[in-house]
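S.K.: Before anything else, here's the structure in question.
In the working numbering, the protein residues as written are 4 to 132.
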């Protein structure tokens with residue numbers, strides 16, 4: 004049976020989310036808006052349960068020690084007892100912005116964040132092959 008993968012791209016205002024449920028197809032979902040850490044962690048937990056995620060891939064910035072600490076702390080708040088993998092997220096948000104240029108006006112509604120999560124998950128799955 005295929006494992007179900009989830010990916011989160013943790014930002015200070017929004018958390019991009021994506022899933023890969025079969026055959027390496029990755030789908031972005033509506034981003035989670037952060038009001039506070041506990042609310043965001045609770046919504047991520049609901050997302051992981053709803054999609055029955057087996058492996059969580061977390062976008063991880065190699066360039067920022069401060070964000071690494073924040074991300075590790077946020078992940079520690081999750082009630083997820085399955086596999087968690089950190090994946091380099093370098094340039095994923097810029098790549099996501101490039102992908103949707105011209106398609107729509109740039110809005111801070113989380114679409115970029117979830118497309119970035121999709122890119123991070125695709126990179127992880129590609130490296131796994």
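Virtual Cβ for every residue (Gly too), placed ideally from N, Cα, C.
Counting C-beta neighbours from all protein chains within 10 Å, is the total for residue 122 16 or more, i.e. buried, or is it exposed?
M.R.: buried
S.K.: Please name the residue or residues paired with residue 47 in a DSSP beta bridge.
M.R.: Answer by DSSP bridge pairing: none, since residue 47 is not bridged.
S.K.: Using only the alpha-carbon positions, how far apart do residue 69 and residue 61 sit?
M.R.: 16 Å
S.K.: Per DSSP, what kind of secondary structure is residue 126 in: helix, strand or coil?
M.R.: Note: residue 126 maps to helix in three-state DSSP.
S.K.: Per DSSP, which one or two residues make a beta bridge with residue 12?
M.R.: 19
S.K.: Hey, residue 54 and residue 9 are a contact pair by Cβ (cut 8 Å); roughly how many whole angstroms apart?
M.R.: 6 Å
S.K.: Closer than 6 Å by C-beta to residue 65: which residues in its own chain qualify, once you throw out the five before and the five after it? Chain order, please.
M.R.: Correct list, in chain order: 91.
S.K.: Buried or exposed: which applies to residue 23, given that a residue is buried once 16 or more other Cβ atoms fall within 10 Å of its Cβ?
M.R.: buried
S.K.: Reducing DSSP to helix, strand and coil, say where residue 145 ends up.
M.R.: The shown model of the chain, from 4 to 132, leaves out residue 145, and the question about it has no answer.
S.K.: Please classify residue 116: is it buried, with 16 or more other beta-carbons within 10 angstroms of its beta-carbon, or exposed?
M.R.: Buried, because 16 or more other Cβ atoms sit within 10 Å of the Cβ of residue 116.
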